[in-house]
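Contents: one structure, followed by commentary.
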Amino acid sequence: MAAISSGYHYLCSRAGPRYAHIRTLLTPMDQTLSKFIGCLIGTAIGDSLGARRAGSSEHVEIADLSPRYTDDTAMTIAVAESLVEYKEFHYWH
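Oh and the sequence shown: position 20 is 1269 in the numbering used here, straight run, nothing missing.
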């Protein structure tokens, strides 16, 4: 639940002066976590939208896109889980 809350605060902090008070509540670590979560979500969404078009020159309607992702998102998730578990990057894991 903390991740969702953190993501919410990040979105609000980007919403302009209306939510400026929320920015003051976030610690630098919260801000970094929010950016990290945003990167993961953006990666998954971009991969899902682009998976159907990869390697194809044909036009694909938005309605034709099914919610799927490729090995790029799977590897991103694996690296994120490794970073959480080991608290640092291990190239062999």
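From the three backbone atoms N, C-alpha and C, an ideal C-beta is built for every residue, glycine too.
Taken atom to atom, the span from the alpha-carbon of H1339 to that of A1300 is near 28 angstroms. By alpha-carbon distance to V1333, the top candidate from D1321, A1293 and I1286 is I1286. Nearest neighbour of A1329 by Cα position, chosen from I1290, T1276, L1298 and Q1280, turns out to be I1290. With contacts defined by Cβ atoms closer than 8 angstroms, T1292 and T1325 form a contacting pair.
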